[in-house]
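For reference, the structure is listed below as structure tokens.
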Amino acid sequence: MVFEILMTLTKVIWLLLPAYTPNNFAVILGGLKPMDFGKNFFDGRRILGDGKTFSGFFGGILGGILTANVQRIVEITFGVRIFSSLPFNEFFYLALALAFGSMFGDSMGSFLKRRLGFERGSRLPLVDQITFLIFALAFASLTKAFWELFGTVEVILALIITPILHLGVNFIAYKMKLKNVPW
Ligand code: CTP
Ligand code: MG
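1302 is the number that our numbering gives to position 121 of the sequence shown; each next residue is one higher, with no gaps.
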């Protein structure tokens, strides 16, 4: 029982790595031109803010796709069949959907934060930790591969563990001085 729960948890984290890693790539590769071109929305606040840049967005997507491909190679090397059980094109669409959905959701989270009056880099529990995942899963659900790899249990577990993992990973990034704040 405990073993099965741990196996399912590990599988969920593995499946979601292409959605988790884009933000870390964005932190490293971001910082150039803001995607809202510095413009304000009707409410006089920034549309997205200086924390959402083109280099971060696209670098993040490429980073997520890179992660998925490395995972696929690791699976093949160790004889595990999760991503590698899929034909390459199906696998690739899933990786793209997870990575794109993650960065898109991240931007939507910032859009929402700005509308609510939260400044760039401020902390907004749940929006910071779950918006990216909801969009990643939503885009992934458009792919055939999603329905082969994700079941109800996996999706529910993903929603529960992601905020916890997200806080943990950002705390490590903060300690490594990759991020200025621990969230
Ligand atoms: N980043 C980026 N482009 C993106 C996403 C992230 O350049 N599309 C970089 C930025 O340097 C950003 C950092 O990654 O500051 C951390 O990302 P995140 O926490 O999502 O942004 P915040 O600065 O906290 O801004 P917000 O309040 O809008 O979430
Ligand atoms: Mg932030």
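Cβ coordinates follow ideal geometry from the N, Cα and C atoms, glycine included.
Quiz prompt | In DSSP terms, what Thr1234 is bridged to | solution = BP columns for Thr1234 point to Pro1215.
Quiz prompt | Asn1221 Cβ short of 7 Å to ligand 1 heavy atom set | solution = Result no, Cβ not under 7 Å from ligand 1.
Quiz prompt | Beta-bridge pairing of Leu1227 - partner residues as DSSP gives them | solution = First, the residue type needs correcting, since residue 1227 is Arg and not Leu in the sequence shown. Per DSSP, Asn1221.
Quiz item: Which parts of the region 1248-1317 are runs of the alpha helix (DSSP H), unbroken and 4 residues or longer, counting only runs that do not cross its ends?
Solution: 1269-1296
Quiz item: Under 8 Å, do Arg1301 and Gly1230 count as touching if we go by C-beta distance?
Solution: yes
Quiz item: Would you say Ile1254 and Pro1203 are within 8 Å of each other, going by their C-beta atoms?
Solution: no
Quiz item: Ordered along the chain, which non-local residues of its own chain (more than five positions away) have a Cβ less than 8 Å from that of Leu1307?
Solution: Pro1344
Practice problem: Just mark Thr1324 as buried or exposed, buried being the case when its beta carbon has 16 or more other beta carbons within 10 Å. | Solution: Result: buried.
Quiz item: Are there three or more Cβ pairs, one per stretch, closer than 8 Å when the region 1325-1336 is compared with the region 1184-1194?
Solution: Result yes; three or more Cβ-Cβ pairs closer than 8 Å.
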